[in-house]
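Everything below concerns the one structure shown next.
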């Protein structure tokens with residue numbers, strides 16, 4: 001099939017993994033139609049951008065030219081692997097034309113220049129394609145809830161910087177890990193992130209990062225379960241419970257009352273029980289009066305028994 005052969009030759013140097021068969025059949029059907037109108041070209045650009053990150057990082061005009069070349073190749077039955085390879089490796093072409101060393105032997109100055117060039121190209125393709133992050137397949141697992149910071153890192157990371165770092169890592173790292181390195185480790189510094197990716201073992205570091213994400217996700221799930229258990233325990237202990245209404249002809253149920261209502265009602269039902277009230281630590285009443293009136297003893301005018309006048313004092317009166 002000419003369309004499938006042309007598609008395989010086009011994606012061979014730029015696609016990091018094998019394309020899905022259903023998607024490949026759909027693209028081949030579009031190529032077999034041979035329509036080169038604007039809608040068909042735009043649809044092919046979007047589909048190829050989803051499966052080929054290097055193609056998504058190109059400019060809008062270059063993407064359109066490549067798709068038109070792919071349609072023409074599918075019509076004529078020839079492949080365009082040379083054109084695709086040269087279009088997907090601008091850094092290799094520049095290195096071969098300028099006599100620079102290969103990417104594995106780049107000096108610090110050449111690395112910074114290459115990184116800036118990739119970032120500028122990615123930003124230009126992002127602006128021409130209508131905005132949004134560059135489409136690439138993330139290899140990290142889909143996390144649940146807020147335990148994973150991958151989404152926030154991807155939102156805060158610059159799409160152009162991510163595209164440049166992805167090109168620098170030759171597609172060995174996922175978008176989530178690159179965003180983590182750029183945002184968390186290097187505080188948004190693209191050159192520092194590029195140096196870190198070159199110096200470190202990217203595969204081992206990404207595995208450790210995924211293990212840490214799994215542990216954080218499990219801890220968040222356990223914390224959520226503990227919060228649910230605590231809430232259920234509090235509600236079971238203190239929440240109001242519905243009271244069933246009285247059945248017809250049956251005894252009427254007691255209404256809901258405050259906690260102290262039963263004690264007050266019990267005191268009212270037992271008036272003979274002594275109720276002692278205290279004031280300043282001294283019992284002033286035992287009948288439960290609300291107001292206590294003190295009655296001092298009546299004054300007797302100062303009389304204290306027999307009064308001895310001066311004239312009636314006898315002998316030996318002291």
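Numbering (full-length UniProt numbering), first residue to last: 1 to 318. From the three backbone atoms N, C-alpha and C, an ideal C-beta is built for every residue, glycine too.
Asked, Found
"Residue 193 and residue 162 closer than 7 angstroms at C-beta", "no"
"Residue 19 beta carbon less than 7 angstroms from that of residue 51", "yes"
"In DSSP terms, what residue 282 is bridged to", "279"
"Given 8 angstroms, three or more beta-carbon pairs between the segment 186 to 201 and the segment 227 to 241", "no"
"Beta-carbon spacing of residue 292, residue 282 below 7 angstroms", "no"
"C-alpha distance - residue 58 paired with residue 233, whole-angstrom precision", "58 angstroms"
"Opening and closing residue of the alpha helix (DSSP H) in which residue 237 lies", "202 to 238"
"Whole-angstrom C-beta distance between residue 179 and residue 157, which should lie under 8 angstroms", "4 angstroms"
"Other residues of its chain near residue 4: CB distance less than 8 angstroms, five sequence neighbours each side excluded", "24, 28"
"Delimiting residues of the alpha helix (DSSP H) encompassing residue 300", "Unbroken run through residue 300: none, as it is neither H nor E."
"Buried/exposed call for residue 213, threshold 16 Cβ in 10 Å", "buried"
"Expected contact under 8 angstroms - CB spacing of residue 74 and residue 31 to nearest Å", "4 angstroms"
"7 angstroms Cβ cutoff met for residue 177 and residue 209", "yes"
"Buried versus exposed call for residue 306 [16 or more other C-beta atoms within 10 Å across all chains shown]", "exposed"
"Residue closest to residue 294, alpha-carbon to alpha-carbon, out of 279, 207, 2, 38", "279"
"Same chain, Cβ closer than 7 angstroms to residue 187, neighbours up to 5 away in sequence not counted", "none"
"Alpha-carbon to alpha-carbon, residue 7 and residue 63", "14 angstroms"
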